[in-house]
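Structure first, commentary second.
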Amino acid sequence: MTDNTKDSVPLEDTSRGGGNGESATINNPGDDYDVEAARNKEDGSFNSRHEALSRIRTAQSITMSPELFEKLYLSPEKAVKGNLRQTFANPTPLAIISHAVCACPLGCDLMGLRGSGQFGAASTGAYVFIGGLLLVISGIFEFFLGNTFSFVVFCSFGGFWLSLAGTLIPAFNSVGAYSPTGDSQVLGLTTRGFQASFGFYLTFWCILVMVLLICSLRTNVAFFLLFVCLEATFLCLTIAYFTIADGQYLLGQNIVKAGGGCLLTCGLIGFYIFIVLMLVAVDFPFLLPVGDLSHLMKGYQQKHGPIKVH
69 MTDNTKDSVP LEDTSRGGGN GESATINNPG DDYDVEAARN KEDGSFNSRH EALSRIRTAQ
129 SITMSPELFE KLYLSPEKAV KGNLRQTFAN PTPLAIISHA VCACPLGCDL MGLRGSGQFG
189 AASTGAYVFI GGLLLVISGI FEFFLGNTFS FVVFCSFGGF WLSLAGTLIP AFNSVGAYSP
249 TGDSQVLGLT TRGFQASFGF YLTFWCILVM VLLICSLRTN VAFFLLFVCL EATFLCLTIA
309 YFTIADGQYL LGQNIVKAGG GCLLTCGLIG FYIFIVLMLV AVDFPFLLPV GDLSHLMKGY
369 QQKHGPIKVH
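Sequential numbering from 69 applies to the sequence shown in the numbering used here.
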């Protein structure tokens, strides 16, 4: 005799041709419950969820608004093959904060706040490992994501911070070479040769930043203002060093302080952009505006189609 308990009751499976002697076990015989149908339903539900998630991912990669893309990558959206942007993290916030963390203290040093000075020599390590190294790494990742503008900007300024650190590191003897003894950092800084030479270096950075400033008109207001402040910084420092080279030391120092104020403002704008990017990254309940400019001027390819390379 079969022991039929209330929790497990063997039944003849008549719903699938009952004459083959197959049996199934169901729980609570008072309920009309089909185990296999329930399993099929669960499998179907799982497949439906999987398909829904796939559709959502696809939709996200297609329907990301130009404003959101521009906030994330600080450049107008361009068609790039592959799905690297959905696979890897966005390197843009790291680059922005790396620049801001170095620009703000250097701006304070140039203004001589609380007795600071010496072109921010105390932050030389930061110029190498934060402003230089992290910016270059971020730029390389922007390269692989297909963001040419960000790649050029980040790697260029990574190089700037590294070159500034090299000028301040005594082992490079960049300053000491101008001293009468050929090795004195202090005497080298006061020579006309160093002041004029460094002025020429800053001059060509003015040209580079002007090009980037013009290109930033296709990004957003915050990024554009950052480049405006950078251009003002390099312009002030260029004039200041040529002025000091001509013997007008006090006037030159005042212009250096003006350049420091511009650089500090640039760094603070960088902090604002960093906050915007991080709020987007964590899907914060609200976002901060950056002032999208990518739609004010239609790009060449928007007007004439893809550029043909002959």
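All C-beta atoms, glycine included, are put in the ideal place defined by N, C-alpha and C.
Distance from the Cα of Gly199 is smallest, within the candidate group Asn322, Cys223, Cys176, for Cys223. Around the CB of Thr249, fewer than 16 other CB atoms lie within 10 Å, so the residue is classed as exposed. Leu257 and Ser265 have their alpha carbons spaced roughly 11 Å apart. Listed in chain order, the alpha helix (DSSP H) runs fully inside the region 199 to 245 are 201 to 213, 216 to 236, counting runs of at least 4 residues. A direct Cα-Cα distance of roughly 24 Å separates Gly261 from Ala300. Two segments are said to touch when three or more pairs of C-beta atoms, one from each, lie closer than 8 Å; by this definition the region 186 to 204 touches the region 216 to 230. Here Arg286 is buried: its Cβ has 16 or more other Cβ atoms, across all protein chains shown, within 10 Å. Two segments are said to touch when three or more pairs of C-beta atoms, one from each, lie closer than 8 Å; by this definition the region 340 to 358 does not touch the region 170 to 186.
Gly373 and Val196 have their C-alpha atoms roughly 42 Å apart. Residue environment: Phe352 is assigned as exposed (fewer than 16 neighbouring CB atoms within 10 Å of its CB, all protein chains considered). Phe156 is positioned such that its CB atom lies no closer than 9 Å to that of Phe211. The straight-line gap separating the alpha-carbon atoms of Ile164 and Gly338 is approximately 6 Å. At the C-beta level, Gly193 and Ala233 come within 9 Å of one another. A straight-line Cα-Cα distance of about 16 Å links Leu281 and Leu364. Residue environment analysis places Pro357 among the exposed positions, since fewer than 16 neighbouring C-beta atoms fall within 10 angstroms of its C-beta. The beta-carbon separation of Thr311 and Ile323, rounded to 6 Å, stays under the 8 Å limit for a contact. Under a 10 Å Cβ-count criterion, Ala190 is classified as exposed, with fewer than 16 other Cβ atoms of the shown protein chains found around its own Cβ. The distance from the Cβ of Phe302 to that of Val279 is about 12 Å, inconsistent with a contact at the 8 Å cut-off. Pairing Leu294 with Trp273, the inter-Cα distance amounts to about 15 Å. Looking at the backbone, the Cα of Asn158 and that of Leu181 are separated by about 35 Å. Cys170 sits away from Phe217, with the two beta carbons spaced by 9 Å or more. Pro161 places its beta carbon less than 9 Å from that of Phe342.
According to the DSSP assignment, Ala163 belongs to the alpha helix (DSSP H) that extends over 160 to 179. Nearest Cα to Phe187 within the set Ile375, Ser362, Leu361, Gln321: Gln321. Gln263: member of the alpha helix (DSSP H) spanning 260 to 283, first to last residue.
When the Cα atoms are used, Gly367 and Val296 turn out to be separated by approximately 22 Å. Spanning the alpha carbons of Cys330 and Gly207 requires a straight line of approximately 24 Å. Taking Asp314 as reference, the option from Ile375, Gln263, Tyr246, Leu236 with the minimal CA-CA separation is Gln263.
Asn322: member of the alpha helix (DSSP H) spanning 317 to 349, first to last residue. Between the alpha carbons of Phe268 and Ser184 lies a distance of about 25 Å. For Thr311, the enclosing alpha helix (DSSP H) covers residues 289 to 313. Leu305 sits close to Leu270, with the two beta carbons spaced by under 9 Å.
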